[in-house]
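What the sequence shown shows, in this note's numbering, is residues 60 to 354, in sequence order.
For every residue, glycine included, the Cβ atom is placed at its ideal position computed from N, Cα and C.
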Amino acid sequence: MHTLEQLATFIAVYEQGSYSAAAKLLGKSRTTVREHVMAFEDGVGYDLFIIDGRKAIPTEKASKLYFQAKVVDKQNRELHYFSQSLFDSDVHSLTVVHDVFAPLNLMVSIEKRVKEHYPNMVVNWLHRTRQEALVMLKEGEADFALMPNRDMAFAETEVTWKTLGHLHLKCYAAKESPLSAMEAVTIHHLQSETQYISENFLALNVGFAKISPRFHVVSNHDLLCEMIKQQGWAAMPEDYMQPYLKSGELVELKLKELPKSKMIGLNVFFAIGKDNQKVFADTIDWFVEEGHMLG
């Protein structure tokens with residue numbers, strides 16, 4: 060019978076590709092990591108890795124075992140966080156970290172719902188990257204993270220989530236852009252022009268992020284919009300672009316290959332067991348109710 064420590068070590072070696080890298084990740088010696096893997100191999104009765112120099116190459120059986128091992132390891136860590144969440148404590152503030160893509164109207168609605176039901180609650184809204192947000196959730200520095208969905212089986216850390224609505228991405232350019240004069244813009248046309256990409260959008264690593272070989276990365280969305288007033292184009296959330304469309308400064312491009320919009324799911328992430336306390340459970344429900352209105 061394997062131990063949970065052996066299981067975690069197997070996963071680390073599988074993902075890192077060597078005993079040394081796994082040891083660094085786990086904060087253990089290479090010898091200890093090797094001993095845990097060997098003990099796990101003795102328990103299952105077959106080899107898990109082929110050692111080639113400094114590399115640990117998974118065997119076919121190890122590859123089949125990995126996903127199930129990952130699930131068990133995840134459930135064990137979730138149990139720990141859930142048990143910790145059962146401690147009762149008074150809640151005086153909520154901290155929500157959010158992506159720049161998070162709809163403003165959704166956040167305003169959540170603020171209103173919280174203040175209606177908990178008038179003395181302090182609500183903090185902090186803009187953070189996805190990586191920063193998940194670390195803050197794990198460390199207890201944030202209660203919720205409002206982030207786009209990456210369509211991954213496992214989150215990067217021990218958190219859970221609720222699915223809200225969708226962000227509708229469309230392509231935009233200046234009214235004077237050659238692209239705006241076309242009845243139907245093709246991917247080839249987009250590839251011929253400079254593309255401005257939000258840094259957070261690029262970090263999501265989803266399709267439709269990089270289309271043009273000439274792309275410029277911009278962290279600030281307002282600056283990005285100012286850039287495409289001069290040249291090029293960008294894929295941006297429909298809600299965010301409404302003021303620019305109403306002013307006539309920017310226009311939506313009609314794409315031949317994408318007649319409607321590219322949809323990216325929006326999730327609210329939170330620590331496992333967070334909904335054991337009423338104020339957090341209420342806030343999660345409000346996120347779901349308001350989020351579903353996004354479409």
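- Residues 271 of the same chain have their beta carbon placed closer than 8 Å to that of residue 251, with the five preceding and five following residues left out of the count.
- Less than 8 Å separates the beta-carbon of residue 223 from that of residue 350.
- Residue 291 and residue 155 have their C-alpha atoms roughly 34 Å apart.
- Note on residue 299: 16 or more other CB atoms within 10 angstroms of its CB, so buried under the neighbour-count rule.
- Between the C-alpha atoms of residue 207 and residue 101 there is a straight-line separation of about 42 Å.
- CA-CA distance, residue 150 to residue 338, rounds to 8 Å.
- Within the segment 159–206, the runs of alpha helix (DSSP H) that reach at least 4 residues and sit entirely inside it are, in chain order, 163–176 and 189–198.
- Straight across, the Cα-Cα distance linking residue 194 with residue 220 is about 15 Å.
- About 15 Å separates the beta carbon of residue 259 from that of residue 328, a gap too long to meet the 8 Å contact definition.
- The three-state reading of DSSP puts residue 333 in helix, counting H, G and I together.
- In the DSSP assignment, residue 296 falls within the unbroken beta strand (DSSP E) covering 292–296.
- Taking the Cα of residue 303 as reference, the smallest distance to any Cα among 234, 348, 324 and 344 is reached at 234.
- Annotated three-state conformation of residue 150 is coil, per DSSP.
- A residue is called buried when at least 16 other Cβ atoms come within 10 angstroms of its Cβ; residue 247 does not meet this threshold and is exposed.
- Residue 205 is positioned such that its CB atom lies no closer than 8 Å to that of residue 322.
- Taking a cut-off of 8 Å for Cβ pairs, the segment 121–128 and the segment 65–74 touch, as three or more such pairs fall below it.
- For residue 311, the uninterrupted beta strand (DSSP E) run begins and ends at 309–311, by DSSP.
- The C-beta distance from residue 137 to residue 217 rounds to 6 Å, short enough to fall under 8 Å.
- For residue 255, no alpha helix (DSSP H) segment is defined; the enclosing uninterrupted segment is the beta strand (DSSP E) at 254–257.
- Contact between residue 196 and residue 330 holds: CB atoms are separated by about 6 Å, below the 8 Å threshold.
- Annotation for residue 283: the continuous alpha helix (DSSP H) segment containing it runs 280–289.
- With a cutoff of 8 Å on beta-carbon distance, residue 82 and residue 88 are scored as near each other.
- Judged by their CB atoms, residue 209 and residue 158 are not nearer to each other than the 8 Å cut-off.
- Assignment of beta-bridge partners to residue 232 by DSSP yields 292 and 310.
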